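Student: If you scroll down you'll find the structure; I have some questions about it.
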Amino acid sequence: MSSDMYKEIILDYYKNPRNRGTMDSPDAKAKDSNPLCGDVVEMQLKFANDKVSDIKFNGDGCAISQASASMLTELVMGKTIEEVRKIDKSILLENLGSPNLGAVRIKCALLPLKVMKTAVYDYLGEKIAAEED
Ligand code: FES
Numbered sequence: 036m037s038s039d040m041y042k043e044i045i046l047d048y049y050k051n052p053r054n055r056g057t058m059d060s061p062d063a064k065a066k067d068s069n070p071l072c073g074d075v076v077e078m079q080l081k082f083a084n085d086k087v088s089d090i091k092f093n094g095d096g097c098a099i100s101q102a103s104a105s106m107l108t109e110l111v112m113g114k115t116i117e118e119v120r121k122i123d124k125s126i127l128l129e130n131l132g133s134p135n136l137g138a139v140r141i142k143c144a145l146l147p148l149k150v151m152k153t154a155v156y157d158y159l160g161e162k163i164a165a166e167e168d
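Taking the working numbering, the leading residue of the sequence shown gets 36, the next gets one more, and so forth.
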């Protein structure tokens with residue numbers, strides 16, 4: 036993919052974000068920031084039958100972090116928790132169109148993945164704790 040095409044994909048998701056917003060009573064949520072710049076990403080998820088039935092992101096940051104968050108919501112929607120656990124950085128970067136972002140930009144692109152995984156693992160931890168009670 037040419038670098039122009041990758042920039043177009045990022046800009047499209049940045050200008051027309053999919054699944055941006057908040058939801059009432061999410062089953063899981065997490066928020067984190069990039070310590071280098073302070074940009075913030077928040078993720079909220081709902082689950083039904085162990086699948087992601089809804090996901091929303093919110094945040095404030097550079098085009099790459101916000102575009103990556105938006106794209107990640109599309110990758111995650113409808114997936115089982117097991118499938119979500121298998122989404123790694125190579126899958127996200129490939130979907131963003133550039134496995135060759137520089138080190139600083141990679142941190143921007145991967146912040147939403149870290150936030151989403153934190154939310155899912157917190158949810159799983161609470162579920163396991165509740166089952167053991
Ligand atoms: Fe802050 Fe990209 S410059 S996340």
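Note that CB positions come from ideal geometry on N, CA and C, so glycine has one too.
Quick caveat, the model's predicted, so the values are computed rather than measured.
1) Drop a sphere of 10 angstroms on the beta-carbon of Pro147, count the other beta-carbons inside from all chains shown, and report buried for 16 or more, exposed for fewer.
2) Closest to Ile126 by C-alpha separation, out of Leu107, Ser100 and Glu166, would be which residue?
3) With contact counted as at least three CB pairs below 8 Å, one residue from each stretch, are the region 125-144 and the region 82-95 in contact?
4) Can you tell me where the beta strand (DSSP E) holding Asp95 begins and where it ends?
5) Is any non-hydrogen atom of the ligand FES found closer than 6 Å to the C-beta of Ser100, if you look at the structure I gave you?
6) List the endpoints of the continuous alpha helix (DSSP H) containing Lys152.
7) Note down, in chain order, each residue of its chain lying with its Cβ closer than 7 Å to the Cβ of Ser88, except the 5 sequence neighbours on either side.
8) Give every residue of the same chain whose Cβ lies closer than 8 Å to the Cβ of Lys142, excluding the five residues on either side of it in the sequence, and list them in chain order.
9) At a threshold of 6 Å, does Ser69 count as lining the ligand FES (C-beta to nearest heavy atom)?
Tutor: Quick look at the numbers:
1) Counted from its first residue, the sequence shown places residue 147 at position 112. Classification of Pro147: buried, given that the 10 Å Cβ count is 16 or more.
2) Your numbering for residue 126 matches position 91 in the sequence shown. The option with the nearest alpha carbon to Ile126 is Leu107.
3) Short answer: they don't touch.
4) Taking the sequence shown and counting its residues from 1, the one referred to as residue 95 is at position 60. Here the beta strand (DSSP E) through Asp95 covers Lys86 to Asp95.
5) Here residue 100 refers to the residue found at position 65 when the sequence shown is read from its first residue. It does: the Cβ of Ser100 is within 6 Å (strictly closer) of some heavy atom of the ligand FES.
6) Taking the sequence shown and counting its residues from 1, the one referred to as residue 152 is at position 117. From DSSP, the alpha helix (DSSP H) with Lys152 extends over Ala138 to Glu167.
7) As a position in the sequence shown, residue 88 is number 53, starting the count at 1. Take Ser88, set aside five residues on each side of it, and the residues of its chain with a beta-carbon closer than 7 Å to its own are Lys81 and Phe82, in chain order.
8) One-based indexing of the sequence shown puts residue 142 at position 107. For Lys142, where only same-chain residues beyond five positions count, the Cβ hits under 8 Å are Asn69 and Leu71.
9) In the sequence shown, counting from the first residue as 1, residue 69 sits at position 34. Note on residue identity: the sequence assigns Asn, not Ser, to residue 69. Remark: the shortest separation between the CB of Asn69 and any heavy atom of the ligand FES falls under 6 Å.
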